[in-house]
Every structure is written in C-alpha cells, then in structure tokens.
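Asks: Below are the structure tokens for one structure; questions will follow.
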Amino acid sequence: MEYTLIILLLPAIMFLFLGLAGHKLKHKVAGLFGTISLGLVTCLSYFTAWEYFTSPRVNGVFEKIIPFNFEWLSFSEALHVDIGILLDPISVMMLIVISTVSLMVHIYSLGYMHGEKGFQRYYAFLSLFTFSMLGLVVATNIFQTYIFWELVGVSSYLLIGFYYTKPSAIAASKKAFIVTRFADLGFLIGILVLSFYSQTFSFVELMNGSSDAILTGAATQTFLGIGVLSWALGLMFIGAAGKSAMFPLHIWLPDAMEGPTPVSALIHAATMVVAGVYLVARMFYLYIGFAPGVLEIIAIVGAFTSLFSAIIACVQTDIKRVLAFSTISQIGFMMVALGVCTGMDSHEGLGYMASMFHLFTHAMFKALLFLGAGSIIHAVHSNEMKDMGGLRKFMPITHITFLIACLAIAGIPPFSGFFSKDEILAAAFKFNPAMGWTMTVIAGLTAFYMFRLYFNIFWGKEAKHHHTPHESPLTITIPLIILAIVTIFGGFIPFGHFITSDGLLYNIHLDPQVAITSVVVAVLSIAIATIFYKNKEQKIPAMLGEKLSGLHKAATKKFYIDEVYQFITHRIIFACISTPIAWFDRHIVDGFMNLMASSTQSLSYSIRKFQSGHVQQYAFVFLLGIIFIIGLILLVI
Amino acid sequence: MEIQVEHYLIISTIMLCAGIYGFLVRKNTLAMLISVELILNAADINFAVFNKFLFPNQLEGHFFTLFAIGIVAAETAVAIAIIINIYRNIQTLNVDKMDKLKH
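In order, the protein sequence lines correspond to chains A and B. Note that my numbering has the first sequence beginning at 1, numbered continuously upward. Note that my numbering has the second sequence beginning at 1, numbered continuously upward.
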C-alpha cells in the first residue's frame, strides 16, 4: 500500500506550489488546485480504508501495516527517529475524517472566502495543515507525532492569524500558539522520559508486547513517589490537554474563533483539537498497562472540562464561541471515554471504541455546525445572536442542516451523535455511576445550549438586517448537505467491527436503560430550551439571569479563567520573577560591563593628555628618556 | 698652545647642547630647524676631529662628514618646503599653534 505516501505528499507539494507561485494565479485557479488535490487525497484515503478494512484479519485483529518507513535521525543503535506511515484502524479512521472534513472545507471556502485578500495564501495554509495533520495520524513513532504535532500548531497559528491586520486575530493566534507550545513542553519531556526507559520511539515496538519486559522493569522505578512511566504518560497528557483544550489549558480555543469560520470548522472543531484524544488513544496500551492512575486523572479532567465549558456555552452570545465551548465539552466526553477504561478487552475497554466513535461523529456534525454558522455569518455579517433571529425563512438549507447537527449533538436517535454518546455514557456508568450521571447531566446541558443557539438564530425575534438575508451559494450549501447526510447515517456504521481497544470484533449493543435515560434527558432539555427561547420575548431566561446574576455573570466571563491567567502571568510571574531578573540583567550584568568600558575610557582620557600636539614637549620627553637610558647604562657598567 | 682634541670636543658639546636647548625652547619653526642644524654640525665636527686625531691616515670620518652635510641639505630643503606649506595654511610659524593633528 505504498500509494499512501501520495496522500501525505500531495498536500505538501500543493502547499509549496500555492505558497510560492500562488500570487501569480487567479483566486479561482488557486482554489481549484487546492480543492482538486484534496479531492485526490480524499479518494486515496477512502481507497486505503477500503483496502485496509477488507484485508483479512490475523488472529481476529487488523494487522498494523507500515508501507513506508525510513530512518531519519539515529541517536543510538536502538534509538532512532524515523519518518514513515503506520496504518492501523485508528489512523485509517483518522485519514477518512481528516480528508473528508478538509475536502468539505476546501469546497466551502471557495464560496465563503470569495474575493478575500490572500485567498491563495489561505489555500496554501489549508494544504499545509492537511499535510501536517495527516502526518500526525500516520506517524510510526512518537517523535514523528511530535514533529507533526508542532506543524499543526504552526498552521493553526497561521490560520487563526489569517486576518493579520486585525489586532484581536493576532492576539488570538499568539495566545493559541503560546498556550499549546507551553503544553507541548510537557509532551516533549514525556517523550524523552519514556524513550529513555523504553529505548524506542516506535509505536509498534511499544505496543506489540516486545517492550513489555523493559517497561515493567521501568515501572518499578519511581520519581517523587510516582512511577517514571506514570510521569512520562502524565506529561504526555499535558501535551494532549493543551492541544485538545482541556481545563485549564482551554483558554486559547474560544479566542481561536477569530480565524475564518471554515478554519474553525476544520482545525478547531473537527481535526486538530482531537489530536490530544488521538494521542491518548495511540498510547492507550501503555496507559492501561503501566499508568492506570493517569487514566483516572484523564477521566476527571475530561469530565470537569466538559461540565465547565457546557455551563459557559449556555450564556455566550457569540455563536462561534458557543460552538467553541461545545467543542471543548465534547472533547471532554472523548477524554472521559478513554479515561474510564479499565482493561484492554472489548468490555473493559468499551470507552476506547466509544471515544473513537464519538471523535468520528463529532468531527462530522461539529464541522457541519461550524460551516452552518459560517453560512449564517456570511448572510448577516455578524457573530452575535442578537443580529440574527428568524432566519429560518431566509435560509432553508442552512436551517435544516443546522437542525440535523443540533439533534445529533443533543443525542436524539437516529442521528449519529446519539449512538456514540450513548456508548460513552454506557462506559462511564460501567466505571462509576456518579461519572455516568455527571456525563448524562452534561449531555442534557449540551442539548439545552445547542437548542438555545438554534432557536436564537432561526426563531425568536427577527433582527433588523441591512439587507434581506439570503441562502448561501452552492459551494457553501453542498458541503452542508453532504455533512448532514453523513450526520444522519453515520451512527449506523458498525464501529465496533473496525475499531476496538483489543482489535477484536465487537458488536455495539445499546444498553436500553442508558439509552432511554439519555434520550429522556435530551428531550427534556430541548423542551426547556424551546420554552425559554422559541418565543420572541425571552422572559424566563432574562428572569433567571437576574436571579442567578452571580453565576450568570461568572459564566459570561468564562469563570474568570483568562483573568486568572492574566493575574498569574502579569502580577506574579512578570512582577515577581521577570522584573527582578530583568533588573539584575540590566543593572548588575550590564552594569559590570559598563563599568569595565567606562573605566577603560577614563583611563584613556587621562593618558590622552600626553598627546598634546606640541612637538617640543615630545622632544623633551624623548630627551628625558634618552638621559634615563644613558643613566641606566652607566649605572650597570 | 696646541689645539687638543678636548677643545674641539668642548665646542661640539656646546653646539650640541645649544642645539637641543634651542629645539626645545624656540617657538619659531625656522629657529628650531636651525637648532637641528647645530646638533648635526656638532656631530660632523666630532667625526672630523676623531678622524684627524685617532686615524690620521684614513679618510672615513671626513667622508662621513661630507655625506652628512649632503643629507642635511636635502633634509633642510624638505623641511623648509613643509614649513612654507604650514605657513600658507595657518599663517604662523609658531610651533605651539601646530597642534591640529593631536587626536
């Protein structure tokens, strides 16, 4: 299956081509180049998936295939960094997700970004991102993952800051880059610790049991009372948490919505932000085997993040920010699903399958939601809910597809979100009923805020528009329709046949108790949202907002997390550490150098008097010198 | 009284000291140049005297004197040319005013 290399190379070549020669092309041509190359990539990805999943299982498991690999950097006999392609069920699944969403975004952007300055640059960056993300998921070793991990960070930075003349966009891009970069430090240290003990970077060697003996040996070593492997995997999770916007490193994601909306759909909803989930899933064997404690932390962090951001999403008024917080919340769900696993077999590791399933369905319906939001923003030229309302009459296609996505994320059967979320809830209940109920409540909150969003946009009071909003062009609506179809039928994919924790075939069966509870909760939440927000006068929310003004205000301000960061960085780190260090540098280090310079200078000034320019003085000194030397000679003789 | 070598040397020593003194204290550049001539002539006298009294059959000292006189003539020509140029530029021969090149 060497042709998979083309999947990786085509976007890279397209990035170079559009980046270097793009400005000479017309907008439309550049866009078509990018879109067609991505269409090819998508076809190849589907073909890869078809060939991979139809190939016979070995011992009931899909074999890991490495069609391409070369040694890039060699540190020692055992430790070397390779660049290659690893095909296994999750990486093939990710290939499909990335290429599909990316293709939709490429087509969509033809309409959405029409006439924007820097259109070619935009497509070049999209290609760069697609290349990096594909490279990340097919990585054969942790180090390759890390390299591409940084590359997606860079492309995310570039795309958030696409409108580089807007100060808020620049600030957001810097924030995203710095926060994720900070988290990546943990990732890097984790990699180094792990590879130091395991003597390998390769995923296959780590997972196929051949390193188990070494790892078991390493697991007995401790640092500060915690096993070194737990340290390594915990640090890696910090990297994953940064990329996947887990609390408290989530602050960059809402701000990242400053980028163009299709970018938010591709990077900050469907693909890049789930890289953290993917990383944990990739290292799942190690987490389960050597650091189950870390998995519990992951579950708790995931659940807390999910609840936290769901509450914030209920009060935000910028539609993209609502979706951003909903993304954080849904990624929290995936993390919880991974965290609640207790073993490798299909039942104990149900969460693994559920997490990957939710990753897949979420990518589709969240991309749909963002693209729908983009279509709305395209029509009313505003991100604020108050500028919308009553749009269902003007934008029927956007309305229907958005509704489908809302139903999917709320977990209403038969839409895809129901099936994947249900598996997560089942896994959570199996782990601990408290966790299960927490997640059910969050699922209810999800349904509530999504329908608050839906009613505020499409129903409610009609805002005054500068001109009558109209349905978006075909390039925008076609991706919406395609994604809506995937969202409707995606849940019926027998996911357990492809991806499970131990690789063996597993038939998904709905737990009726869990399913009924979650559907009832979702329907109730939707009903509440309907009562609250469908009418033109939204009296109840206003009243509630007044009664719980403290909570309401805190949630609107995102629980002051940004302010806390501001306080910690400015008041504590800058004021107490950076300023004294800067003072030391400026006054002590620089002062010492300045002292040397000035003392040399003053010495030179005093010597300079000797060079008076009076010839007779020189002659006199010369004479004195001669007399002195003669005197010396006479004395010696 | 026969003129001894010491007498010549006393004269040349006086000339040398006068030359050095003149070079150090006279402010006029031309006077300084003349002082330099005095020093050189003192040296010339020494050459001639030592040749006459110590090696009467040889002529190296005399030749050296003549050679030095020739060199001094050339040097004086150059020095005077320089002095004239300086005078054209700063309209003075006072050596204390010639300190423009000190730093």
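Don't be surprised by glycine CBs; every beta carbon is placed ideally from N, CA and C.
#1: Closer than 9 Å, CB to CB, is Gly613/A near chain B or not?
#2: Ignore the nearest five residues each way along the sequence and tell me which others in Ile142/A's own chain have a CB closer than 6 Å to its CB.
#3: Taking 8 Å as the line, does the beta carbon of Ala522/A fall inside it for any heavy atom of the ligand ZN?
#4: Could you please give me the residues that DSSP links to Gly227/A through a beta bridge?
#5: If you check the beta carbons only, do Val25/B and Gln617/A fall under 9 Å apart?
#6: In chain order, what are the residue ranges of uninterrupted alpha helix (DSSP H) at least 4 long that sit wholly in the stretch 392-469 of chain A?
#7: CB Ala139/A to CB Leu86/A, shorter than 9 Å?
#8: Using a Cβ cut-off of 9 Å (strictly closer), state whether Met15/B contacts chain A.
#9: Among the candidates Lys97/B, Leu54/B, Ile11/B, whose CA atom is the shortest distance from the CA of Ala43/B?
#10: I'd like to know if Lys52/B contacts chain A, where contact means its C-beta is closer than 9 Å to some C-beta of that chain.
#11: Identify, in the order they occur along the chain, each residue of the same chain with its Cβ nearer than 8 Å to the Cβ of Leu647/A, setting aside the five sequence neighbours on each side.
#12: Leaving aside the five residues before and after Met94/A along the sequence, list all residues of the same chain whose C-beta is less than 7 Å from its C-beta, in chain order.
#13: Taking the straight line between their C-alpha atoms, what separation do you get for Gly550/A and Ile457/A?
#14: Comparing alpha-carbon positions, which option in Thr4/A, Thr556/A, Val636/A lies nearest Ala313/A?
#15: Which class does Gly84/A belong to by DSSP, given the choice of helix, strand or coil?
#16: Quick check on Thr687/A: buried or exposed, where buried means 16 or more other Cβ atoms within 10 Å of its Cβ?
#17: Between Ala619/A and chain B, is any beta-carbon pair separated by less than 9 Å?
#18: In chain E, which residues lie less than 8 Å from Gln566/A when you measure between Cβ atoms?
#19: Where does the unbroken alpha helix (DSSP H) through Glu537/A begin, and where does it stop?
#20: Evaluate contact between the stretch 221-235 of chain A and the stretch 281-298 of chain A, counting only Cβ atoms and requiring at least three cross-stretch pairs below 8 Å.
#21: Any residues in the stretch 579-607 of chain A with a beta carbon nearer than 8 Å to a beta carbon of chain B? Which ones, in chain order?
#22: Is there a Cβ of chain B sitting closer than 9 Å to that of Leu158/A, yes or no?
#23: Taking Cβ to Cβ, would you say Ser156/A is nearer than 9 Å to Thr180/A?
#24: Taking C-beta to C-beta, are Ala124/A and Met14/A nearer than 9 Å?
#25: What residues in its chain sit with their C-beta under 7 Å from that of Leu101/B, if we drop five residues either side in the sequence?
#26: Is Leu634/A close to chain B? Criterion is C-beta to C-beta, closer than 9 Å.
#27: Quick test of your reading: Ala427/A and Leu350/A, contact by CB under 8 Å. State the CB separation rounded to the nearest angstrom.
#28: What did DSSP end up calling Asn383/A once you bin it into helix, strand or coil?
#29: In its own chain, which residues sit with a C-beta less than 7 Å from the C-beta of Phe365/A, not counting the 5 before and 5 after it?
#30: Within 10 angstroms of the Cβ of Gln4/B, are there 16 or more other Cβ atoms? Answer buried if so, exposed if not.
#31: According to DSSP, is Phe592/A helix, strand or coil?
#32: Please state the DSSP three-state secondary structure of Val138/A.
#33: Can you name the residues of chain B whose CB is closer than 8 Å to the CB of Leu623/A?
#34: The alpha helix (DSSP H) spanning Leu18/A covers which residue range?
#35: Per the DSSP calculation, Val61/A is bridged to which residue(s)?
#36: Using a C-beta to C-beta distance shorter than 8 Å, which residues of chain A count as neighbours of Val72/B?
Replies: Here's the rundown:
#1: yes
#2: Ile191, Phe201
#3: The ligand ZN is absent from the structure shown, which contains no ligands of any kind.
#4: Thr222/A
#5: no
#6: 396-410, 416-431, 433-458
#7: yes
#8: no
#9: Ile11/B
#10: no
#11: Because chain A spans 1 through 637 in this model, residue 647/A falls outside it and cannot be assessed.
#12: Val137, Tyr278
#13: 26 Å
#14: Thr556/A
#15: strand
#16: The structure shown has nothing for residue 687/A, since chain A only spans 1 to 637.
#17: yes
#18: Absent from the structure: chain E. Protein chains present are A and B.
#19: Neither: Glu537/A is in no alpha helix (DSSP H) and is coded neither H nor E.
#20: yes
#21: none
#22: no
#23: yes
#24: yes
#25: none
#26: no
#27: 5 Å
#28: coil
#29: Ala405, Ala408, Ile409, Ser416, Gly417, Thr487
#30: exposed
#31: helix
#32: coil
#33: Ile20, Leu24
#34: 4-21
#35: Val58/A
#36: By Cβ distance, chain A contributes nothing, its closest Cβ being about 18 Å from Val72/B, past 8 Å.
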